[in-house]
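Trainee: Those sequence lines, one after another, are chains B and L.
To convert a position in the first sequence, counted from 1, into the working numbering, add 859.
To convert a position in the second sequence, counted from 1, into the working numbering, add 96.
Ideal Cβ placement from N, Cα and C applies to all residues, glycine included.
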Amino acid sequence: MTFPAQFEFLDEIRDFVAQTAREGGFAEKEIYFLQLAADEAASNIIEHSYEGISNANLDITCDVRGTILTITMRDTGKSFDPSNIKQPNLKADLSERQIGGLGLYLMRKLMDEVRYEANPKTGNLLTMTKRRG
Amino acid sequence: MEVTTQELKHCDLIKVNGRVDSATAPTFSKALEKANEAGHFKIVVDMSELEYMSSAGFRALLASQRNCKRYNRGELVLVAVPERIREALELAGFTELFKSFDDSITAVGSF
Chain B
860 MTFPAQFEFL DEIRDFVAQT AREGGFAEKE IYFLQLAADE AASNIIEHSY
910 EGISNANLDI TCDVRGTILT ITMRDTGKSF DPSNIKQPNL KADLSERQIG
960 GLGLYLMRKL MDEVRYEANP KTGNLLTMTK RRG
Chain L
97 MEVTTQELKH CDLIKVNGRV DSATAPTFSK ALEKANEAGH FKIVVDMSEL
147 EYMSSAGFRA LLASQRNCKR YNRGELVLVA VPERIREALE LAGFTELFKS
197 FDDSITAVGS F
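1. Tell me, please, which residues DSSP counts as bridged to PRO863(B).
2. Please say whether LEU172(L) and CYS164(L) have beta carbons closer to each other than 7 Å?
3. Could you give the residue range of the beta strand (DSSP E) that holds LEU157(L)?
4. Name the residues in the stretch 164 to 190 of chain L whose C-beta lies less than 7 Å from a C-beta of chain B; which are they?
5. Output, in chain order, the set of chain L residues within a Cβ distance shorter than 8 Å of LYS804(B).
6. List the residues of chain B that LEU128(L) touches, going by C-beta distances under 9 Å, in chain order.
7. Rounding to the nearest angstrom, what Cα-Cα distance links LEU174(L) and SER144(L) in this structure?
8. Residues of chain L with CB under 7 Å from GLY962(B), in chain order?
9. Is the CB-CB distance between PHE197(L) and PHE154(L) below 7 Å?
10. Apply the 10 Å Cβ neighbour rule to ARG956(B) and answer buried if 16 or more other Cβ atoms are within range, or exposed otherwise.
11. In this structure, what does DSSP give as the bridge partners for PHE207(L)?
12. What residue does the beta strand (DSSP E) around GLY114(L) start on, and which one ends it?
13. Please list the terminal residues of the continuous alpha helix (DSSP H) segment that includes TYR964(B).
14. What is the DSSP secondary structure of PHE868(B), reduced to helix, strand or coil?
15. Suppose the cutoff is 7 Å on Cβ atoms and the five residues either side in sequence are ignored; what does the same chain contact list for ASN948(B) look like?
16. For LEU949(B), which of helix, strand or coil comes out of DSSP?
17. On the DSSP bridge assignment, give the partners of VAL876(B) in chain order.
18. Assign GLY884(B) to buried or exposed, taking buried as 16 or more other Cβ atoms, counted over all protein chains shown, within 10 Å of its Cβ.
19. Roughly how many angstroms separate the alpha carbons of GLU186(L) and GLU192(L), rounded to a whole number?
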């Protein structure tokens, strides 16, 4: 499915993931967290990869094979190096708490696997998987 | 998403309903900032009818909590946090930054 890379379409992106997960037999609580992971991933792409670009698209697939749900997101915006994104310090007190990096941190916590490949020809590909509980 | 602000005697009660994500978080942020701009730093955020909140909403809460707690002038507290949102806040390490109450009467009474 192709979605306009705009925050206003996050609702539809979450619905798309929820529908596939529901058909794949995932529990409602798992579906909530899959929606959250997809939202964080799409938000990051819209905010960072497509920074300053308003007419871009985001290609998203969501499939269940056996007990594994796989979400992919492909964009043609700026790529990034996930290893450069600092892990948020969850022990830091209020004044030192970092605001960035939280989305990627949550995606890694919520999913079993998060992979990112930057390719100048085909674009950036994010792949996230989760096994049904 | 819908945000309503009620100014009470000792604090502001801000109720946020529906879904807070990157599209709607700016409106939620504005409601929090507006209370601060009016000199109100004791804030109760009622989440009893909140369905969904992404890290965009968490960031809005964090920014407001920083502002409220500065100079010990107040605090932002949470009410009736739905279970899934609480779990996500926990994953983000945010639960220790906010006092949380089961109902708004107790939360309002804490100020």
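Mentor: Put simply:
1. Answer is ASN916(B), bridged to PRO863(B).
2. Taking 7 Å as the Cβ cut-off, CYS164(L) and LEU172(L) qualify as a contacting pair.
3. Boundaries around LEU157(L) are those of the alpha helix (DSSP H), 151 to 165, since no beta strand (DSSP E) includes it.
4. If you check each beta-carbon in the stretch 164 to 190 of chain L against every beta-carbon of chain B, the ones closer than 7 Å belong to LYS165, ARG180, ALA184, LEU187, ALA188, GLY189.
5. Given a span of 860 to 992 for chain B in the structure shown, any question on residue 804(B) remains unanswerable.
6. None at all; the shortest Cβ gap to chain B is about 15 Å.
7. Distance from the CA atom of LEU174(L) to the CA atom of SER144(L), rounded to whole angstroms, is 10 Å.
8. Within chain L, the residues near GLY962(B) are SER151.
9. Between PHE197(L) and PHE154(L), the gap from beta carbon to beta carbon reaches 7 Å or more.
10. By the neighbour-count rule (16 or more Cβ atoms within 10 Å), ARG956(B) is buried.
11. Partner residues in a beta bridge of PHE207(L), as assigned by DSSP, do not exist.
12. In this chain, the beta strand (DSSP E) harbouring GLY114(L) covers 108 to 116.
13. For TYR964(B), the enclosing alpha helix (DSSP H) covers residues 961 to 969.
14. Here PHE868(B) sits in helix by DSSP.
15. Taken in chain order, the residues that qualify are GLN957.
16. Here LEU949(B) sits in coil by DSSP.
17. Secondary-structure assignment with DSSP links VAL876(B) through no beta bridge to anything.
18. With fewer than 16 other Cβ atoms from the protein chains shown falling within 10 Å of its own Cβ, GLY884(B) counts as exposed.
19. Going from the Cα of GLU186(L) to the Cα of GLU192(L) covers about 8 Å.
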